[in-house]
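Asker:
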Amino acid sequence: MDTISSIIKKAQDDLFPELEKKIRLELQKKDKNWLIDQIIYLTCERHSLHEQKNRLEDMKKRLDRIHKVGYDDRALMNFVDKYRKISREYLEESRFLMQPPHMGLATIEPHQRSKKGEILLEEARDMLYLTLYGDTTINVNLTRGQEEVLTIILPLSKSDSLFFLKAVTEVNADGTWSDPEGVSNDDHTNNVGLQVEFSDHKKGSIGMAIFVALNLINLLHVNEQIFYARMEKVERSSLQSL
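Each number in my numbering comes from the position in the sequence shown (counting from 1) with 290 added on.
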């Protein structure tokens, strides 16, 4: 007995040979470079959709982790106390990093981090996310009261390392720093400023946790010698070089 699906499939099978023939004839008329461009575009478009799916799954896992652990003001203080003095040397000696590129060069790839390095990087990303956006819906209970704007400045080529941030405003920010050793000059580099509004504790404890989390993300992934993060309040502004 025929169904709608079987009727549609039969019609498609009947039409496909003629459709394929017409498509081939049209493509044969096109310039070779145009065809190459179209193939590249379609390939990248498919990759982009796949990447979006991966990021949605990554965000779901992040929110689940945050909700499961739960965070309050004390949890942020513990995070700051534990990681505020961590260094690149310690990460390499303790095998969080394995033969990473010189600071200021390429980003650190997953294969250059050990399993515990990956876990620490995700912990830092989770902390950055929850301090900026966390509320009771994901089991984050922080004392907030001071509205601020966080600006992160990094090379445009590395801005994707903070893909999990949301409600971000991008501004151009040309580099002006020169490395005395000539390894990673920032002078005239195509930088980007990422701005995010958030609410800090009046004593700045949330902001401090943000700085520590950003430092970890830089040490474990971004890999900049000079990684700027600035927080601006109504009364004053602060600039810290991580």
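Glycine included, C-beta positions come from ideal geometry on N, C-alpha and C.
In the structure shown, what three-state DSSP assignment does ASN429 receive?
Answerer: In this structure, ASN429 counts as coil in the three-state DSSP scheme.
Asker: When the Cα of VAL461 is compared with those of PRO445, PRO307 and ARG345, which residue comes out closest?
Answerer: Here the closest residue by C-alpha is PRO445.
Asker: Under DSSP, the beta strand (DSSP E) around SER495 begins and ends at which residues?
Answerer: Taken as a continuous stretch (DSSP letters only), SER495 belongs to no beta strand (DSSP E), being part of the alpha helix (DSSP H) at 495-507.
Asker: Assuming SER489 contacts MET367 (C-beta within less than 8 angstroms), just tell me the rounded distance between them.
Answerer: Contact flag wrong, Cβ pair sits at about 17 angstroms.
Asker: For the region 375-383 against the region 433-445, are there 3 or more C-beta pairs whose distance is under 8 angstroms?
Answerer: No, the region 375-383 does not touch the region 433-445.
Asker: List, from N- to C-terminal side, the alpha helix (DSSP H) runs of 4 residues or more that fit wholly inside the region 359-443.
Answerer: Entirely contained in the region 359-443, the alpha helix (DSSP H) runs reaching 4 residues are, in chain order, 363-373, 378-383 and 405-423.
Asker: With respect to the beta strand (DSSP E) encompassing SER447, which residues constitute its N-terminal and C-terminal limits?
Answerer: Per DSSP, SER447 belongs to no beta strand (DSSP E) and is neither H nor E.
Asker: Out of GLY483, ARG415 and LEU353, point me to the one whose CA is closest to THR426's CA.
Answerer: If we check each option's Cα against that of THR426, LEU353 comes out closest.
Asker: Starting from the Cα of GLU413, find the closest Cα among ALA503, LYS343, ASP371 and LEU395 and give me that residue.
Answerer: It is ALA503 whose Cα lies nearest to the Cα of GLU413.
Asker: By Cβ distance below 8 angstroms, which residues in the same chain neighbour GLY435 in space, the five residues on each side in sequence not counted?
Answerer: Cβ neighbours of GLY435 beyond the five flanking positions: SER489, ASP490, HIS491 and LYS492.
Asker: On the three-state DSSP scale, how would you describe LYS523?
Answerer: Three-state result, LYS523: coil.
Asker: Would you report the Cα separation of GLN328 and ASP303, rounded to the nearest angstrom?
Answerer: Approximately 26 angstroms, taken between the alpha carbons.
Asker: Taking the straight line between their C-alpha atoms, what separation do you get for ALA318 and LEU309?
Answerer: Note that residue 318 is Gln in the sequence shown, not Ala. For GLN318 and LEU309, the distance between alpha carbons rounds to 14 angstroms.
Asker: Figure out for me which residue from THR397, ARG385, TYR419 and ILE516 has the closest Cα to the Cα of ILE356.
Answerer: Measuring from the Cα of ILE356, the nearest candidate turns out to be TYR419.
Asker: Three-state secondary structure (DSSP) at LEU455?
Answerer: Looking at LEU455 - three-state DSSP - the assignment turns out to be coil, as it is neither helix nor strand.
Asker: Per DSSP, what kind of secondary structure is TRP467 in: helix, strand or coil?
Answerer: Bear in mind that the predicted position of TRP467 carries a pLDDT of just 42, short of 50, making it too unreliable to give a figure here.
Asker: Measure the C-alpha to C-alpha separation of PRO307 and LEU346 and round it to an integer number of angstroms.
Answerer: In a straight line, the C-alpha of PRO307 is about 39 angstroms away from that of LEU346.
Asker: Cβ of LEU510 within 8 angstroms of Cβ of GLY407?
Answerer: The answer is yes: Cβ separation under 8 angstroms.
Asker: Alpha carbons only, please: which of GLU383, GLU438, ASN508 and THR397 is nearest the one belonging to GLN485?
Answerer: Checked all of GLU383, GLU438, ASN508 and THR397; the closest Cα to GLN485 is GLU438.
Asker: In the DSSP assignment, the beta strand (DSSP E) including ASP490 goes from what residue to what residue?
Answerer: Start and end: 481-490.
Asker: So what's ASN475 in DSSP terms, helix, strand or just coil?
Answerer: Residue placement at ASN475 is poorly supported in this model, since its pLDDT is 47, which falls under 50; the coordinates are not used for a value here.
Asker: Could you check what DSSP says for GLU514 in three-state terms: helix, strand or coil?
Answerer: Of the three classes helix, strand and coil, the one that applies to GLU514 here is coil, per DSSP.
Asker: Excluding sequence positions up to five away, which residues of its chain have a Cβ less than 6 angstroms from the Cβ of ILE500?
Answerer: Around ILE500: THR421.
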